[in-house]
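Undergrad: Below you'll find the structure I mean.
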Amino acid sequence: MSIPISTSLQSTLASEHMEHRPSTRKNRLVFISLLAVAIGMVISLVAKLLIWLINLVTNLSFYGSFSLAHSTPQGHHLGIFVVIVPVIGGIIVGLMALYGSRAIRGHGIPEAMEQILTNNSKIKPTITYLKPLSSAIAIGTGGPFGAEGPIIATGGALGSTLGQLLKISHQERKVLLAAGATAGMSAIFGSPIAAIFLAIELLLFEFSAAAIFPVALACITGAAGHHFLFGGGPVFAIDHLISTPSNTALFLYSIEGVLIGLLSVAVTKIVYWLEEAFERLPVHWMWWPAIGGLAVGIIGYFHPDTLGVGYDNITNVLSGSLTLKVIGLLFIFKFLSWAIALSSGTSGGTLAPLLTIGGAAGALAGIALQQLFPQLDISVSLAALIGMSAMFAGASRALLTSILFALETTGQVNALLALLAACSIAYFISLYLMEHTIMTEKIARRGVKTPVTYTPDVLEQYHIKDVMSHDALLISDENPIADVKSWLDQHEDDHANYFIVTGTDNTLKGVISSSSLRSEHHAPEKQIGSLIKRKSAWVRVNDPLKTAVGIMLQYDMDLLPVVDTNQVVVGTINYKNIMTAYKHVHNASEDKQVHISLKRQTLKLLIKGNRLIYRNQHRQNSSNQ
Numbered sequence: 001m002s003i004p005i006s007t008s009l010q011s012t013l014a015s016e017h018m019e020h021r022p023s024t025r026k027n028r029l030v031f032i033s034l035l036a037v038a039i040g041m042v043i044s045l046v047a048k049l050l051i052w053l054i055n056l057v058t059n060l061s062f063y064g065s066f067s068l069a070h071s072t073p074q075g076h077h078l079g080i081f082v083v084i085v086p087v088i089g090g091i092i093v094g095l096m097a098l099y100g101s102r103a104i105r106g107h108g109i110p111e112a113m114e115q116i117l118t119n120n121s122k123i124k125p126t127i128t129y130l131k132p133l134s135s136a137i138a139i140g141t142g143g144p145f146g147a148e149g150p151i152i153a154t155g156g157a158l159g160s161t162l163g164q165l166l167k168i169s170h171q172e173r174k175v176l177l178a179a180g181a182t183a184g185m186s187a188i189f190g191s192p193i194a195a196i197f198l199a200i201e202l203l204l205f206e207f208s209a210a211a212i213f214p215v216a217l218a219c220i221t222g223a224a225g226h227h228f229l230f231g232g233g234p235v236f237a238i239d240h241l242i243s244t245p246s247n248t249a250l251f252l253y254s255i256e257g258v259l260i261g262l263l264s265v266a267v268t269k270i271v272y273w274l275e276e277a278f279e280r281l282p283v284h285w286m287w288w289p290a291i292g293g294l295a296v297g298i299i300g301y302f303h304p305d306t307l308g309v310g311y312d313n314i315t316n317v318l319s320g321s322l323t324l325k326v327i328g329l330l331f332i333f334k335f336l337s338w339a340i341a342l343s344s345g346t347s348g349g350t351l352a353p354l355l356t357i358g359g360a361a362g363a364l365a366g367i368a369l370q371q372l373f374p375q376l377d378i379s380v381s382l383a384a385l386i387g388m389s390a391m392f393a394g395a396s397r398a399l400l401t402s403i404l405f406a407l408e409t410t411g412q413v414n415a416l417l418a419l420l421a422a423c424s425i426a427y428f429i430s431l432y433l434m435e436h437t438i439m440t441e442k443i444a445r446r447g448v449k450t451p452v453t454y455t456p457d458v459l460e461q462y463h464i465k466d467v468m469s470h471d472a473l474l475i476s477d478e479n480p481i482a483d484v485k486s487w488l489d490q491h492e493d494d495h496a497n498y499f500i501v502t503g504t505d506n507t508l509k510g511v512i513s514s515s516s517l518r519s520e521h522h523a524p525e526k527q528i529g530s531l532i533k534r535k536s537a538w539v540r541v542n543d544p545l546k547t548a549v550g551i552m553l554q555y556d557m558d559l560l561p562v563v564d565t566n567q568v569v570v571g572t573i574n575y576k577n578i579m580t581a582y583k584h585v586h587n588a589s590e591d592k593q594v595h596i597s598l599k600r601q602t603l604k605l606l607i608k609g610n611r612l613i614y615r616n617q618h619r620q621n622s623s624n625q
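full-length UniProt numbering puts the first residue of the sequence shown at 1, with every later residue one more than the last.
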């Protein structure tokens, strides 16, 4: 039975169906790419404005001065009153979430992932200004977050809003959302390659030119904006060149990857345990950011380095010059401050805190390795870089993103092999011990399933000719209605919903529905051709199955004629034929398993046969003797 679909969905499917034509597809790619570049330019400016806004709030909150100059909370002279500042910021963020939008709460990336997976990549336009404003207040009043989370959320909202204003498909809107989000990351860190892979691993859930090319242009634009607005050079510059590690040192760095991988699992579980603890509080959720701000303020009073963005902390840890005590205290209290604040539902992010915590843990591991193996050239800077990257790889399972991010933001290419080994191990440990990541746990609890594999679309792998039916029932447009109804009553069952009408030369004239044909309101002597009301819908033999599905949904049909270049009907395709393609894929997988099983059985038989031959020869030799 046919299922009607909404007008909006019909228009979406219609636009997607048109894209199978090569010229149209290329033109759409150019159009979306130009939009992505424009988004990259805008979000670069927004990134600069966000940094200014964070500086302004920081100067007002901790120094009482109206200034856009860069400053950190570490040099404040508020004394014990510093505890109040993050609380005030939490109250303001809570009010903005209550009366503005609850979507400003949280990490940024998980919220974008949820909208992609459940809402056709539609984000409320208000997030475009509410997210950066709320994040600037949260960070500027001491929140232990980085600027990258808010700008990623803001860029995603900008791309989604533009996609909602224009007449484009939800697939194209997803690309614009990802382009805006990753252009924002590239604008903050100047890391376009890592940003592209962030889109692939966490936002796009696919690997295709139509998706990657616009995102790549947006990220390049964001990186250009970073160099123009923030200056060139690595964001986390290390004042010395890290040397390529020896094989023994590489093994020890790999062991560090195991430790950081386990730590990333612990960090993720603690964060969500704290979120559950906040949900059990007997107070309205609007007050949770203030409670989290109280913890941030108390910790910040004793350890001011935990307050604010903390990019300087990352650079200092990577330099390898900090003492064991300073690194240890930063690791413990930065984690506590960030985990409590993030769990409270304030407007924050995950990337910079994870980098700080992982870098500190890696530096501690590097110092320990130096003491245990003084004969080896262990670099604390490299160990910190590995910890920073492996923590991100384990917590988010964005493996390639974490490696490339470390290389782009430091410029230390000699660290590649060690990063690859340690991050891969941390990724595997996270995959083995956790079902979800720090990015997906929250939305998984809401019933949203995140793709974990990038398999080819069956509907694009198979073509019409692979599964079509060649024995099509064709009705001549000149036949009287009465004759056709009589013939169908004798030869055809009542389950056919549509019939294909052709001319005398089998050229397609149209499609009529079963209900229209069997209606009693038509004069029996009229010709079948007079019943054709529906616009002709068809597919060609070389079209992918995705085209057929799009047309079926667009025209609300479960059967389509297949025609050649002269519009001659050569067969039909229906939903049962399409299911055959999925059956082929399933059977191929099963056949592979059977083949493996047969090979194993054959190997066992060969071994058994060789043993039997050996025994017979042994018995024969014994009897001869």
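Glycine included, each C-beta is placed from N, C-alpha and C at the ideal position.
All of these numbers come straight from a predicted model, not from anything done at the bench.
On the criterion of 16 or more Cβ atoms from any shown chain inside 10 Å, does Ala216 qualify as buried, or is it exposed?
TA: Counting Cβ neighbours within 10 Å, Ala216 comes out buried, since at least 16 surround it.
Undergrad: Tell me which residues share the same chain as Leu420 and place their Cβ nearer than 8 Å to its Cβ, disregarding the 5 neighbours each side in the sequence.
TA: Excluding sequence neighbours, Leu420 sits near Ile403.
Undergrad: Could you name the residues of the same chain whose beta carbon sits closer than 7 Å to that of Leu603, not counting the 5 residues immediately before and after it, in chain order?
TA: Per-residue confidence for Leu603 stands at a pLDDT of 47, beneath the threshold of 50, marking its modelled position as unreliable; no derived number is given.
Undergrad: From the DSSP output, in three-state form, read off Phe499 for me.
TA: DSSP places Phe499 in strand when its eight states are reduced to three.
Undergrad: My output table needs one value for Leu78: the three-state DSSP class, helix, strand or coil.
TA: Residue state, collapsed to three classes: coil.
Undergrad: Grab me the residues of Asp558's own chain with a C-beta within less than 8 Å of its C-beta, minus the 5 sequence neighbours each way, in chain order.
TA: Ser2, Asn497, Tyr498, Met552, Asn574, Tyr575, listed in sequence order.
Undergrad: Please report how far the alpha carbon of Val258 lies from the alpha carbon of Ala422, in whole angstroms.
TA: For Val258 and Ala422, the distance between alpha carbons rounds to 7 Å.
Undergrad: Give every residue of the same chain whose Cβ lies closer than 8 Å to the Cβ of Leu95, excluding the five residues on either side of it in the sequence, and list them in chain order.
TA: Within the same chain, Leu95 has close Cβ partners Met286.
Undergrad: By alpha-carbon positions, which one of Asn542, Gly146, Gly155 ends up nearest to Thr565?
TA: The candidate whose alpha carbon is nearest that of Thr565 is Asn542.
Undergrad: Suppose you measure from the CA of Leu176 to the CA of Leu35; what does that come to, to the nearest Å?
TA: Between Leu176 and Leu35, the C-alpha separation is close to 8 Å.
Undergrad: Taking Gly155 as the reference, give the member of Val93, Ile425, Val37 with the closest Cα.
TA: Among Val93, Ile425, Val37, the Cα nearest to that of Gly155 is on Val37.
Undergrad: May I have the straight-line CA-CA distance separating Val46 from Leu372, to the nearest angstrom?
TA: About 48 Å.
Undergrad: Taking all protein chains shown into account, do 16 or more other C-beta atoms lie within 10 angstroms of the C-beta of Val594, making it buried, or fewer, making it exposed?
TA: Confidence is the limiting factor: at Val594 the pLDDT is only 49, short of 50, which leaves the residue's position unreliable and the question unanswerable from this model.
Undergrad: Taking just the CA atoms, how far does Asn479 sit from Thr572?
TA: About 21 Å.
Undergrad: Tell me whether Ile242 is buried or exposed, calling it buried when 16 or more other Cβ atoms sit within 10 Å of its Cβ.
TA: So Ile242 ends up on the buried side.
Undergrad: Can you confirm whether the stretch 393 to 412 touches the stretch 330 to 346 when touching is taken to mean that 3 or more C-beta pairs between the two stretches lie within less than 8 Å?
TA: Because the criterion of three Cβ pairs below 8 Å is not met, the stretch 330 to 346 and the stretch 393 to 412 do not touch.
Undergrad: Assign His170 to one of two classes, buried (16 or more other C-beta atoms within 10 Å of its C-beta) or exposed (fewer than that).
TA: It counts as buried.
Undergrad: Measuring CB to CB, does Ala223 end up less than 8 Å from Gly190?
TA: A contact, by the Cβ cut-off of 8 Å.
Undergrad: Taking just the CA atoms, how far does Leu407 sit from Leu416?
TA: If I take the Cα positions, the gap works out to 7 Å.
Undergrad: Among the residues of its own chain, which have a CB less than 6 Å from the CB of Phe405, if the five just before and after it don't count?
TA: Once the five neighbours on either side are set aside, the close Cβ partners of Phe405 are Ser191, Ala194.
Undergrad: What are the start and end residues of each continuous alpha helix (DSSP H) run of 4 or more residues lying completely inside the stretch 163 to 194, in chain order?
TA: Here the runs fully enclosed are 170 to 189.
Undergrad: How would you write the range of the beta strand (DSSP E) that Pro561 sits in, first residue to last?
TA: Here the beta strand (DSSP E) through Pro561 covers 559 to 563.
Undergrad: Roughly how many whole angstroms lie between the Cα atoms of Leu165 and Ile51?
TA: Roughly 28 Å between the two C-alpha positions.
Undergrad: My understanding is that Gly106 touches Gly345, with C-beta atoms under 8 Å, so please give their C-beta distance in whole angstroms.
TA: Right, their Cβ atoms sit about 7 Å apart.
Undergrad: Answer with buried or exposed for Pro451, where buried requires no fewer than 16 other C-beta atoms within 10 angstroms of its C-beta.
TA: Answer is exposed; the Cβ neighbour count stays below 16.
Undergrad: Are the beta-carbon atoms of Gly90 and Ala352 separated by less than 8 Å?
TA: For Gly90 and Ala352, no; Cβs fall outside 8 Å.
Undergrad: Taking the alpha carbon of Ala199 as the point to measure from, which residue in Gln74, Ile212, Met468 has its own alpha carbon closest?
TA: Nearest C-alpha to Ala199: Ile212.
Undergrad: Relative to the C-alpha of Gly387, which residue among Gly411, Gly362, Leu49 is closest?
TA: Looking at the Cα atoms, Gly362 is the closest of the given residues.
Undergrad: Pick from Lys48, Val484, Ile438, Gly328: whose alpha carbon is nearest that of Glu148?
TA: Nearest of Lys48, Val484, Ile438, Gly328 to Glu148, Cα basis: Lys48.
Undergrad: So the beta strand (DSSP E) Lys509 belongs to, where does it begin and stop?
TA: Counting along the chain, the beta strand (DSSP E) containing Lys509 begins and ends at 508 to 513.
Undergrad: How about Ala97 and Thr128: are their beta carbons less than 8 Å apart?
TA: No, they are not a contact pair.
Undergrad: Do three or more CB pairs link the stretch 232 to 240 to the stretch 309 to 322 at distances below 8 Å?
TA: The stretch 232 to 240, when compared against the stretch 309 to 322, does touch it at the 8 Å Cβ threshold.
Undergrad: Give the C-beta separation of Ile54 and Ile139 to the nearest angstrom, bearing in mind that I take them to be a contact with Cβ-Cβ under 8 Å.
TA: About 5 Å; that satisfies the 8 Å criterion.
Undergrad: In chain order, which alpha helix (DSSP H) runs of at least 4 residues are fully inside the stretch 408 to 477?
TA: Counting whole runs of 4 or more residues, the stretch 408 to 477 contains the alpha helix (DSSP H) stretches 416 to 433, 441 to 445, 458 to 461, 464 to 467.
Undergrad: Smallest Cα separation from Lys174: which of Ala183, Ser160, Met185?
TA: It is Ser160 whose Cα lies nearest to the Cα of Lys174.
Undergrad: Please classify Met579 as buried or exposed, where buried requires at least 16 neighbouring CB atoms within 10 angstroms.
TA: It counts as exposed.
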